[in-house]
Structures are given as structure tokens and as C-alpha cells.
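Its first residue numbered 288, the sequence shown is counted upward by one per residue in the numbering used here. As C-alpha cells, the structure follows; a few thoughts come after it.
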Amino acid sequence: MPNGLRVKNYMNNFKKLAVPGVQNLKPYIPGKPIDELERELGIKNSIKLASNENPLGPSPKALTAAQAVLTDIHHYPDGSGHKLVQALAEKHGVDARCITLGNGSNDVLEIIARSFLASCNGAVYSEYAFAVYPIVTQAIGAEHQVAAALPKDHLTMPYGHDLKAMAGKINNATRLVFIANPNNPTGTWLDADELESFIKDVDQNVLVVLDEAYYEYMPDDLQPKTDQWVQKYSNLIVTRTFSKIYGLAGLRIGYAISHPDVADVLNRVRQPFNTSLPAQAAALAALDDLGHIGRSVQMNTVGLNLLADGFKHLGLQFITSIGNFITVDLGRDAAPVYDAMLREGVIVRPLANYNLKQHLRITVGSREQNERCLEALEKVLTGSRPR
Ligand SMILES: *Cc1c(COP(=O)(O)O)cnc(C)c1O
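In C-alpha cells form, the structure reads like this:
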């Protein structure tokens, strides 16, 4: 029994009472919060480059909009999120009935899993794909149908999703295919034509979930027109989030775009008030601030190059990324390097839970943060500070 906890008839077998999928669930490991690190080590001025947050923060317009509704938080939010849904429908050129709001896009992913998965069917996803796919699949006790990723020495897209291998994993039991484009934690992406062929060819009874959390960071020529695809392929669900480029991770809001019949299913499973009043208001205002998006993309492009050059200077391999993070191969166990960087006040993300034990994922920060991160990495790897 946990220390100090007094519970009558404590049985200690709640895990055994959990449904089978949940019993073996591996917990999601989030990036370490700054407060926690500073409390543990008694240090100050740490930086966190571990959760792909926007170093510029939210749009000031989003902040103002969120603050303006705080006096009204004794009221439930509009459960349908009418204004935001209308604005998203307009942005994407789709009918409002195509939109499903989520408490972060993770909520949307879970709603999709709960809507379509059961212990008698399964979900296909790639090796190294975003950790939430296995979690939502397993919580339901559905089958994991994991396709090997492209090899680390692949010519064009090392560690990338292998769409042919993924198609090969689809069988009669498959209900969902999860695809992250670009993928986290690898930063790899898919060719738009190949992706569209995959969606076109897949069995109509298999829903393709295309997770585009980092869409806005992709170079224009690599951005597939997926909001238009949704109108051609009724089994496609596209997910987006306000957590990354919009800088609203703490408010928890994301959404799906799909055929209205699919959205109708998702909206039945969705909790009636799953997105909060401030989150809806901030998201609506954030959509309008194109200047903030532009500055965020610009800062990210410069930062990605700075980090990549820094890794080259240190003789380290890295996975080419089009997200707001980059994954570096240390060529040795990354855990002690991660720990030593923590002591330098720099929080990055170890990837052992992805079976990438020699890699660290680093979020692109501000110029100062990127430079500080590279300095800490160099100090830890070489035992001395750079000149
Ligand atoms: C960060 C991320 C999300 C977004 O999660 P939210 O719940 O919207 O904060 C979704 N998918 C991937 C691949 C991500 O990296």
C-alpha cells in the first residue's frame, strides 16, 4: 500500500480488475516539466525543448480572447463549439458537419479508437509512430498491426513510414490505419502522391486516420491538400491541433475533418463538453493571426538549420525533419546524456520507449534556447564547453 494512504480493505489487485488491454498498458511518458526538474535538482533558468511547444508562445490575440471569456466560466461552453466549427469549416472549405472538436487532438484520436475499435479488430500503424496510437489501440484491447519502418540506411526517408508495409499489414480485422505526417518523433514525411494512392486503394471499410499535428510547419510544396481529399475519400479522417504551431498546448484543443457520416459517429462518442470555453475562444482568435503563424514557421526553419549544423559540427547523425523538432542519433546510449543535459538545465526527450535508445528528440526553440541546447550537448559529449 502506498505510504501514508489509509484505505479500508485495500485490495491491491485493481490492475487485475482492469479490462485486459489496460492491464498491460505502458504509460505515456511526457516531457519533463520545468518545475519538476528545478524542484528535483534545485536549479533555475532551465529550458524545456521536450514537448514540441511553440517558443513564441500563443498569439496575443488568442490570449486576449481567452481572457475575455473568463468572467463567463460559470457557464458550460457551447458543446458544439459552433463559432469555432464554422470558422474551421470555412478555413478548410468543407461543410461544418465535417468537423469534430477534441480536447487536444489526442482526445480526437481516442474518440476515433473508441468509435471503431473493439477486441475483435485492430489498428495498423508504423514502427516509430506517435506513441498515442498504441495506447488508444491497446486500451480497447484491439490488435496492434505494426508495420516495420523504412530502414535507418534508407536512401530517401530513413525511419519513415513504409506505406507498402503498412498496406501489407491490413487484413479483414483492420478497422483503422494511423498515419502521422510528418511523424513524431522522427520528423519524417510522406510523398503526397504516394499517400493519396494509399488512401485511394485502401479497403473502404478501413478508416485512414491522418494525423497532421505539424502540418503548418511543412514546406508548402509538401503539404498535401488533405481537406480536399476528405471530400473525395469518405474513409479518411484528418486530425489537426492547436497545440503546436498555434501555441495553445495548455488549453487542449484539436479537431478532426472527415465525411459528415464519420463525424456523426465521432460526435456521439465525444463527451458533450470536451472543449473548454477559453480553449474555443483562443482557438478561434488564433486562426486569424496569420502573422503569428508566419513568424513561427520562420523561427522554426532557422532553428532546424541551426540544430542540424550543430549536430554536424559534433559529428552526429540526425533524422531530417520537417516538424518543429529534430531527432539526433548519439551513436551511444542516450539515457546518460539526457540525464547530464538535465543537470545543465536543458530538458530534451529520450526515445527509449520508441525503441530508439540512442536518440534524443529536441524541440526547435528560440535562437538562445537552441544555442544553449547545443552547448549543453557539446559539454556533455566532450566533457568541455565549446569555445
Ligand atoms: C503533439 C502531437 C499531437 C497533438 O496532441 P494534442 O492532444 O493536440 O496536444 C498529435 N499527434 C502527434 C503526432 C503529435 O506529435
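Every residue, glycine too, gets a C-beta built ideally from N, C-alpha and C.
- What are the complete beta strand (DSSP E) segments, minimum 3 residues, inside the segment 523 to 591? 523 to 528 and 541 to 545
- Item | Segment contact flag, the segment 589 to 608 with the segment 554 to 564, C-beta cutoff 8 Å, min 3 pairs | no
- His431 (DSSP reduced to helix, strand or coil): To locate residue 431, count along the sequence shown from 1; it is residue 144. Three-state result, His431: strand.
- Message: Please state the DSSP three-state secondary structure of Thr461.
- Response: Sequence index remark: in the sequence shown, residue 461 carries index 174 (1-based). Residue state, collapsed to three classes: strand.
- Query: For Pro345, does the count of other Cβ atoms within 10 angstroms reach 16, so buried, or fall short, so exposed?
  - Reply: Your numbering for residue 345 matches position 58 in the sequence shown. The residue in question, Pro345, is buried, as its Cβ has 16 or more Cβ neighbours within 10 Å.
- Is the beta carbon of Lys519 within less than 7 Å of some heavy atom of ligand 1? Here residue 519 refers to the residue found at position 232 when the sequence shown is read from its first residue. Shortest gap from the CB of Lys519 to any heavy atom of ligand 1: 7 Å or more.
- Are the Cβ atoms of Ala416 and Ala569 separated by less than 8 Å? Taking the sequence shown and counting its residues from 1, the one referred to as residue 416 is at position 129. Taking the sequence shown and counting its residues from 1, the one referred to as residue 569 is at position 282. In this structure, Ala569 does not lie closer than 8 Å to Ala416 by Cβ.
- Item | Gly597 burial status per 10 Å Cβ neighbour count (16 or more: buried) | The count along the sequence shown starts at 1 and reaches residue 597 at position 310. Buried is the call here.
- Task: Out of Ala639, Val633 and Leu643, point me to the one whose CA is closest to Val667's CA.
- Result: Here residue 667 refers to the residue found at position 380 of the sequence shown. It is Val633.
- Task: Would you list the one or two residues that DSSP bridges to Gly409?
- Result: By 1-based counting over the sequence shown, the position of residue 409 is 122. Answer by DSSP bridge pairing, in chain order: Glu430 and Thr461.
- Task: Work out the CA separation of Glu658 and Val411 for me, nearest whole Å.
- Result: Along the sequence shown, read from residue 1 onward, the residue named residue 411 stands at position 124. Along the sequence shown, read from residue 1 onward, the residue named residue 658 stands at position 371. Cα to Cα, the separation comes out at about 39 Å.
- Query: Pro637 lies in the beta strand (DSSP E); which residues open and close that run?
  - Reply: Along the sequence shown, one-based indexing puts residue 637 at 350. Residues Arg636 to Leu638.
- Under the assumption that Phe465 contacts Val489 (Cβ atoms under 8 Å), give the Cβ distance between them as a whole number of angstroms. As a working note, residue 465 is residue 178 in the sequence shown. As a working note, residue 489 is residue 202 in the sequence shown. Rounded, the Cβ-Cβ distance is 13 Å, inconsistent with contact.
- Task: Grab me the residues of Ala383's own chain with a C-beta within less than 7 Å of its C-beta, minus the 5 sequence neighbours each way, in chain order.
- Result: Within the sequence shown, residue 383 is the residue found at index 96, counting from 1. So the qualifying residues of the chain are Val372, Gln373 and Ala376.
- Message: Suppose you measure from the CA of Asp620 to the CA of Lys331; what does that come to, to the nearest Å?
- Response: Along the sequence shown, one-based indexing puts residue 620 at 333. Along the sequence shown, one-based indexing puts residue 331 at 44. Approximately 27 Å, taken between the alpha carbons.
- Task: Taking all protein chains shown into account, decide if Ile360 is buried (16 or more other Cβ within 10 angstroms of its Cβ) or exposed.
- Result: Residue 360 sits at position 73 when you count from the first residue of the sequence shown. Exposed.
- Arg654 vs Leu647 beta-carbon contact at 8 Å: Here residue 654 refers to the residue found at position 367 when the sequence shown is read from its first residue. Here residue 647 refers to the residue found at position 360 when the sequence shown is read from its first residue. Not closer than 8 Å, so no.
- Please find out if some non-hydrogen atom of ligand 1 comes closer than 7 Å to the beta-carbon of Ala536. To locate residue 536, count along the sequence shown from 1; it is residue 249. Yes - ligand 1 has a heavy atom lying nearer than 7 Å to the Cβ of Ala536.
- Going by beta carbon distance, what residues of the same chain come within less than 7 Å of Gly428, once the five residues before and after it are set aside? Taking the first residue of the sequence shown as position 1, residue 428 is located at position 141. Val306, Pro307, Gly308 and Ser406, listed in sequence order.
- Message: Within 8 Å, do at least three Cβ pairs link the segment 320 to 327 to the segment 537 to 556?
- Response: no
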